[in-house]
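Participant: Following this note's numbering, the numbering of the sequence shown begins with 6 at its first residue and continues without gaps.
Please find one structure pasted underneath; my questions will follow.
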Amino acid sequence: MEKVAIITGAGRGIGREIALRLAKDGFHCAINDLNEKDLEESKALIEACGVKCNTYKADVSSFSDVEGMIKKIHEDFGRIDVLVNNAGITRDNLLLRMKEDEWDKVISINLKSVFNCTKATSKIMLKQKSGRIISIASVVGVMGNAGQCNYAASKAGIIGFTKSIAKELGSRGITANAIAPGFIKTAMTEQLSDEAKNKLYSQIPLGYLGTPEHIASCVSFLAGPDSSYITGQVIHVDGGMVM
Ligand code: NAP
Numbered sequence: 006m007e008k009v010a011i012i013t014g015a016g017r018g019i020g021r022e023i024a025l026r027l028a029k030d031g032f033h034c035a036i037n038d039l040n041e042k043d044l045e046e047s048k049a050l051i052e053a054c055g056v057k058c059n060t061y062k063a064d065v066s067s068f069s070d071v072e073g074m075i076k077k078i079h080e081d082f083g084r085i086d087v088l089v090n091n092a093g094i095t096r097d098n099l100l101l102r103m104k105e106d107e108w109d110k111v112i113s114i115n116l117k118s119v120f121n122c123t124k125a126t127s128k129i130m131l132k133q134k135s136g137r138i139i140s141i142a143s144v145v146g147v148m149g150n151a152g153q154c155n156y157a158a159s160k161a162g163i164i165g166f167t168k169s170i171a172k173e174l175g176s177r178g179i180t181a182n183a184i185a186p187g188f189i190k191t192a193m194t195e196q197l198s199d200e201a202k203n204k205l206y207s208q209i210p211l212g213y214l215g216t217p218e219h220i221a222s223c224v225s226f227l228a229g230p231d232s233s234y235i236t237g238q239v240i241h242v243d244g245g246m247v248m
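The structure is reproduced here in structure tokens:
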């Protein structure tokens, strides 16, 4: 059977790499992002793997936009097998300096988006009696990080959400798992100074930053047949940072 995966925030970074890996695994891809140009670049790379790929520009923090997007994806592809909740942002600040807008934006794009996409998709997966929901959290959601209370709260929220829906949806053949990446080389971490990066390396037993491919390999496993008995878990892909 031909399988279909949705990947949010797939215009660049980890999301693009996840979509590419799932395409190599044979999944048709519905890719979402805010940036149309980035989406078109991802689409060309994915189609080169020989699968179908459609782009969906939508703000995942908007409940109504997501409802419309998932409805359209279902009409276009006829089924949805895998949802990867990947879109995310940072707006770092110390608690006392953090503006209400920095808190609201991060919670809304990182956490409410996961509710929006999972709620709309799970209705379709429930009818199919199968599905895989994979959400990209962070080690910061497990261990906390000074200057990132908004981001840490959003990622810890994803972990609680994942465990709860794993319990709700398990009897219908749907699994839900989260991945907690450590520090991964993308635009998000490029902004760090050399000093900050060197400090980071000392916290990583494997001694180097991860790559988007490391995260994509884990998604591939969670989306594939070998992980069918795994649900409600948080898999750390972090070079041993948190153990
Ligand atoms: P990235 O390079 O900044 O990519 C994030 C993507 O999400 C961008 O394409 C962005 O689009 C899109 N996006 C942002 N807001 C959106 C919205 N409202 N609706 C739809 N798409 C939206 O980040 P990344 O490093 O690949 O991170 C991907 C995920 O991994 C995030 O959830 C992040 O928190 C998580 N993570 C990353 C690291 C790391 O070290 N990089 C570590 C742990 C967890 P625009 O280009 O339009 O902004």
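Yeah, the Cβ is synthetic: ideal placement off N, Cα and C, and Gly gets one too.
Small disclaimer: the values here were computed from a predicted structure and weren't measured.
Nearest-angstrom Cα distance between Ile19 and Asp64?
Facilitator: Residue numbering aside, residue 19 sits at position 14 when the sequence shown is read from its first letter. Residue numbering aside, residue 64 sits at position 59 when the sequence shown is read from its first letter. Going by the C-alpha atoms only, they are around 18 angstroms apart.
Participant: Alpha helix (DSSP H) containing Thr123: first to last residue?
Facilitator: Sequence index remark: in the sequence shown, residue 123 carries index 118 (1-based). Here the alpha helix (DSSP H) through Thr123 covers 118 to 133.
Participant: Should Ser230 be labelled buried (16 or more other beta-carbon atoms within 10 Å of its own) or exposed?
Facilitator: By one-based count along the sequence shown, residue 230 stands at place 225. It is Pro, not Ser, that sits at residue 230 in the sequence shown. Exposed: under 16 other Cβ atoms inside 10 Å.
Participant: Out of Val89, Ala221, Lys42, Arg21, state which residue places its alpha-carbon closest to the alpha-carbon of Asn182.
Facilitator: Looking up residue 182 in the sequence shown gives position 177. Closest by alpha carbon: Val89.
Participant: Find out if the Cβ-Cβ distance for the pair Ala35, Val71 is shorter than 8 angstroms.
Facilitator: Here residue 35 refers to the residue found at position 30 of the sequence shown. Here residue 71 refers to the residue found at position 66 of the sequence shown. Going by C-beta atoms, Ala35 is not nearer than 8 angstroms to Val71.
Participant: Give me the Cα-Cα distance between Val145 and Val239, rounded to the nearest whole angstrom.
Facilitator: For the purposes of this step, residue 145 is taken as the residue at position 140 of the sequence shown. For the purposes of this step, residue 239 is taken as the residue at position 234 of the sequence shown. Roughly 13 angstroms separates the two Cα atoms.
Participant: On the three-state DSSP scale, how would you describe Lys62?
Facilitator: Working through the sequence shown from its first residue, we reach residue 62 at position 57. Strand at Lys62.
Participant: Please report the Cβ distance between Arg96 and Asn155, rounded to the nearest whole angstrom; I am assuming they are in contact, meaning their Cβ atoms lie under 8 angstroms.
Facilitator: The residue you call residue 96 lines up with position 91 of the sequence shown. The residue you call residue 155 lines up with position 150 of the sequence shown. Confirmed, about 6 angstroms.
Participant: Nearest CA to the CA of Gly2: which residue from Asn59, Ile220, Ala157, Ser233?
Facilitator: Because the chain is modelled from 6 through 248, residue 2 falls outside the range shown and cannot be assessed.
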